[in-house]
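Working notes for the structure below.
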Amino acid sequence: MTQSDRELDELVGEWLTLREAARPLGVSPNRIKTYIRENRLMGVVRAGELSIPAAFLDGDDLVKGLPGTIVLLTDAGFSTEEALRWLFTPDDTLPGTPIQAMRENRGTEVRRRAQSMAF
């Protein structure tokens with residue numbers, strides 16, 4: 001594991017395998033792969049298995065506004081790792097991390113910031 005991987009793991013915290021993520025959403029692990037392909041979710045390989053941050057799930061659904069924010073970050077040219085770092089890095093002006101703000105239904109400001117980076 002590289003230093004960069006360790007730093008990302010520290011920021012993200014808990015990861016879910018595709019199977020673990022699929023269960024609460026009531027979909028198949030292949031559907032989670034499709035979500036990643038469609039930029040509705042982001043995943044990276046952890047311990048040899050494609051995984052997503054646990055914080056991306058809100059009970060039995062994706063965090064509100066997450067897919068649109070991921071599309072904005074991707075359109076801004078962010079790699080998966082860069083987008084994950086941005087979503088999980090504390091920002092005193094929010095306050096908290098962008099993913100925390102989205103989980104607390106403060107996604108409008110997060111999307112506004114992501115959109116401004118695209119232009």
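Sequential numbering of the sequence shown, starting at 1, is according to UniProt numbering.
Think of the CB as a built atom: it goes at the ideal place given N, C-alpha and C, for glycine as much as any other residue.
Self-check item: CB-CB length for I70 against R37, believed under 8 Å
Solution: Here residue 70 refers to the residue found at position 70 of the sequence shown. Here residue 37 refers to the residue found at position 37 of the sequence shown. The pair is not a contact, with the Cβ atoms about 12 Å apart (cut-off 8 Å).
Practice problem: With a 10 Å radius around its C-beta and 16 neighbouring C-beta atoms as the bar for buried, classify R19 as buried or exposed. | Solution: In the sequence shown, counting from the first residue as 1, residue 19 sits at position 19. So R19 counts as exposed.
Exercise. Compute the Euclidean distance between the alpha carbons of T89 and K33, then round it to the nearest angstrom.
Key: On the sequence shown, residue 89 is found 89 positions in, with the first residue counted as 1. On the sequence shown, residue 33 is found 33 positions in, with the first residue counted as 1. So the alpha carbons of these two residues sit roughly 25 Å apart.
Quiz prompt | Alpha-carbon to alpha-carbon, V44 and A54 | solution = Reading the sequence shown from its first residue, position 54 is the one you call residue 54. Reading the sequence shown from its first residue, position 44 is the one you call residue 44. CA-CA distance, A54 to V44, rounds to 12 Å.
Practice problem: Taking all protein chains shown into account, decide if T108 is buried (16 or more other Cβ within 10 angstroms of its Cβ) or exposed. | Solution: As a working mapping, residue 108 is identified with position 108 in the sequence shown. Classification for T108: exposed.
Practice problem: Please say whether G26 and D60 have beta carbons closer to each other than 8 Å? | Solution: Residue mapping note: residue 60 aligns to position 60 of the sequence shown, counting from 1. Residue mapping note: residue 26 aligns to position 26 of the sequence shown, counting from 1. Yes, these two residues count as a Cβ contact at 8 Å.
Quiz item: Since L73 contacts W86 with CB under 8 Å, what's their CB separation in whole angstroms?
Solution: Within the sequence shown, residue 73 is the residue found at index 73, counting from 1. Within the sequence shown, residue 86 is the residue found at index 86, counting from 1. Contact between L73 and W86 is confirmed by a C-beta separation of about 7 Å, below the 8 Å threshold.
Exercise. Have a look at D75 and Q3 and give me their C-alpha separation to the nearest angstrom.
Key: Taking the first residue of the sequence shown as 1, we reach residue 75 at position 75. Taking the first residue of the sequence shown as 1, we reach residue 3 at position 3. Spanning the two alpha carbons is a distance of roughly 27 Å.
Exercise. Given a cut-off of 8 Å, decide if L11 and S51 are closer than it, judged by their beta-carbon atoms.
Key: As a working mapping, residue 51 is identified with position 51 in the sequence shown. As a working mapping, residue 11 is identified with position 11 in the sequence shown. Taking a C-beta distance under 8 Å as the contact criterion, S51 and L11 do not qualify as a contact pair.
Quiz item: Does G65 get closer than 8 Å to chain E when you measure Cβ to Cβ?
Solution: Absent here is chain E; the protein component of the structure consists of one chain.
Quiz item: For A47, which of S79, R112 and D9 has the nearest alpha-carbon?
Solution: Taking the sequence shown and counting its residues from 1, the one referred to as residue 47 is at position 47. Of S79, R112 and D9, the residue nearest in Cα terms is D9.
Self-check item: Run of the alpha helix (DSSP H) containing V27, from where it starts to where it stops
Solution: The sequence position of residue 27 within the sequence shown is 27, counting from 1. No alpha helix (DSSP H) holds V27; DSSP gives it neither H nor E.
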